[in-house]
Amino acid sequence: MVECRHGSMRALAISDTHLGAWTGEDLLSDERFLARLAPELEDIDELIVLGDLFDLLFGSIEDALTAADGLFALIRERMQGRRLVFLAGNHDHHFVVRRAESARMLGAGDDRTGEEDLLRQLLLTRLEGVEVDLRYPTYAVDDVLLTHGHYLDPHARLAGPIGSRMLTRALWAIAAGGSEEPRTEADYESVIGLLTEVLYAIAQVPHGTTAQRRVFDSLNRLGAMAKDAGRPIRAVEHSVARLVGGAGQRVSQTARAAVSPEDFRRALADEHERLQREARGPSVQGFDVARTINPGDPRGNALEAFAKVADNLGWSRHYQKIVFAHTHQPLADVRSRSGSPVRYWNTGSWIYEPELASRDAYIDYLQRGWPGTAILIDTDEPAPVLRELLADLNPLRGGEISGSPAARL
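Here the sequence shown is numbered in the numbering used here, starting from 534 and rising by one per residue.
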């Protein structure tokens, strides 16, 4: 049952901050980007963090909590007496798994025990004076449903390249003992949990993230024949996604004019320099096990996959406005190809992770996956609104061509 808040209120939804991740630049660990978010917190009743606040799959718990210091300080300062609503995503899904394990061990009918109390105490300690509300997997503000959106992954994989299809069917066979697509919340949780817990376990052992970097670096070097700029697997996936997305999704001449070949080479060099400076090694977060939808992919692919989830779980029968996250692709008031009246929004992300397999891939990322977005929900207004808080830094909007958004401030 979806828990809902009714009455006149304003809520801001953000997601995919990926604090502590080594795979990209977690912008909200930087006070310059916190300053962009700060004004948005002034006139709201609640801040909804729609998943992947922490990155526990590609970062240690210690790194994630340290990276969250600035954001927690901002929330504590600006939201006294108001509410933070937290929903887990796939990268902080471990909180959900541990909560369920605690409930089973205690024989409890309600799984809000044990680990949820630990997470709640963590947030209450760091956010003194702010009400903390934990929900999963959905939450509603009046007639707007919100969820992270990671349940879309099995459907997206089944519509993708053969490797993705084989992986999904194998996971589904292990999780549920059959080859059918997931249809219930328990089905989706089974498939998601298999991957997230393995990656979580690796990331949390001593030198775990170093091991991840080395494995992905080896995969990248093996793919050098593809002439990718460090992302061979992403290059293949991007090409397939472009074909699936259709001619209408190709890079426009206007976008090409905004990013010349020399501009792309400079962006590539700047990103390489940033990664070396931060000792992070090659940026490889597009590796297929970790990511089903890439930020630069045609947006329709993820939307159709998520619409399938909304239909399977009955959300689309009860809500005609749904906000999701996960894909790092901001969306505003779009519909699926099914003809359903349901309208969708996506919160985007706050992590910089450019696709540099080619100039076109980079432009696609600038067009579809630029970070620094949020969704504002005002129950006195007819529909949610997409807020683009870093749009002026995007090279396609007149921002300078250089490595990361931080370099443009």
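Using N, Cα and C, we set each Cβ at its ideal position, and we do this for glycine too.
Note that the structure is a prediction, hence the values are computed from the model and not measured.
If we count the other Cβ atoms within 10 Å of its Cβ and call it buried at 16 or more, is residue i buried or exposed?
i             : result
aspartate 585 : buried
arginine 901  : buried
valine 618    : buried
threonine 658 : exposed
alanine 838   : buried
glycine 553   : buried
alanine 791   : buried
glycine 540   : exposed
glycine 781   : Below a pLDDT of 50, predicted positions are generally treated as unreliable, and glycine 781, at 43, falls in that range; the measurement from the model is reported next regardless. Exposed: under 16 other Cβ atoms inside 10 Å.
aspartate 650 : exposed
glycine 614   : exposed
threonine 729 : buried
arginine 876  : buried
serine 882    : buried
histidine 551 : buried
proline 887   : buried
aspartate 559 : buried
Among all the DSSP beta bridges, which residues are the ones paired with residue i?
i                 : result
aspartate 666     : Val618
alanine 790       : Alanine 790 is not bridged to any residue.
valine 677        : Val674, Lys854
phenylalanine 587 : Leu552
glutamate 579     : Ala544, Arg616
aspartate 596     : Answer is none; aspartate 596 lacks a bridge partner.
valine 784        : According to DSSP, which records beta bridges pairwise, valine 784 is partnered with nothing at all.
arginine 538      : Val674
glutamine 559     : In the sequence under discussion, the amino acid at residue 559 is aspartate, which differs from the glutamine named in the question. Aspartate 559 pairs with Ile884.
leucine 909       : Leu545, Val918
Would you tell me roughly how many angstroms separate the C-alpha atoms of residue i and residue j, rounded to the nearest one?
i                 : j                 : result
threonine 599     : histidine 626     : 19 Å
cysteine 537      : leucine 620       : 13 Å
leucine 846       : aspartate 686     : 15 Å
isoleucine 735    : aspartate 596     : 15 Å
glycine 931       : aspartate 925     : 7 Å
glycine 682       : leucine 607       : 26 Å
proline 828       : alanine 894       : 10 Å
leucine 951       : threonine 680     : No statement about residue 951 is possible, as the shown extent of the chain runs from 534 to 942 and does not include it.
valine 674        : aspartate 913     : 12 Å
leucine 656       : isoleucine 910    : 23 Å
leucine 570       : proline 915       : 24 Å
arginine 892      : valine 784        : 10 Å
alanine 719       : tryptophan 903    : 33 Å
tryptophan 555    : leucine 808       : 9 Å
alanine 546       : proline 831       : 23 Å
glutamine 737     : phenylalanine 587 : 13 Å
threonine 880     : leucine 561       : 15 Å
isoleucine 884    : alanine 940       : 14 Å
aspartate 803     : glycine 592       : 23 Å
arginine 798      : alanine 568       : 30 Å
proline 928       : glutamate 921     : 14 Å
arginine 850      : isoleucine 581    : 23 Å
serine 793        : methionine 612    : 43 Å
valine 867        : arginine 810      : 40 Å
leucine 960       : alanine 835       : Outside the shown range of the chain (534 to 942) lies residue 960, about which nothing can therefore be said.
phenylalanine 566 : methionine 542    : 26 Å
tryptophan 848    : tyrosine 733      : 29 Å
isoleucine 826    : leucine 919       : 20 Å
glutamine 654     : alanine 865       : 34 Å
Please determine, among the options, the residue with the shortest C-alpha to C-alpha distance to residue i.
i                 : options                        : result
phenylalanine 628 : His688, Gly603, Gly726         : Gly726
valine 856        : Ser541, Tyr672, Ala939, Ile735 : Tyr672
threonine 906     : His861, Pro687, Met542         : His861
alanine 858       : Pro938, Leu678, Gly932, Val792 : Leu678
proline 715       : Ala689, Arg609, Glu730         : Ala689
proline 670       : Thr729, Gly622, Ser541         : Gly622
leucine 923       : Pro917, Ser937, Pro915, Leu607 : Ser937
leucine 590       : Asp549, Ala568, Val663         : Asp549
threonine 787     : Pro917, Ile896, His624, Thr556 : Ile896
glutamate 579     : Arg868, Ser873, Pro917, Ala544 : Ala544
lysine 854        : Pro917, Ser562, Ile581         : Pro917
valine 842        : Glu575, Ser869, Ser593, Ala940 : Ser869
glutamate 564     : Asp602, Ala865, Gly833         : Asp602
arginine 824      : Pro863, His624, Arg615         : His624
alanine 840       : Gln809, Leu560, Pro874         : Pro874
leucine 574       : Glu610, Pro794, Leu667         : Glu610
glutamate 722     : Leu691, Leu732, Tyr684         : Tyr684
tryptophan 878    : Gly833, Glu886, Glu806         : Gly833
leucine 667       : Tyr852, Arg616, Ala865, Val867 : Arg616
alanine 890       : Leu864, Arg850, Val867, Leu801 : Leu801
isoleucine 908    : Asp559, Gly557, Phe605, Leu583 : Leu583
glycine 557       : Phe605, Met612, His805         : His805
leucine 652       : Met542, Pro887, Ile594, Met612 : Ile594
valine 665        : Asp559, Phe605, Pro572         : Phe605
aspartate 844     : Thr717, Pro863, Gly662         : Thr717
Closer than 7 Å, CB to CB, is residue i near chain D or not?
i           : result
leucine 552 : Chain labels in this structure do not include chain D; a single protein chain is all it has.
Uninterrupted alpha helix (DSSP H) stretches inside the stretch 845-905 (no shorter than 4 residues): 848-851, 892-901
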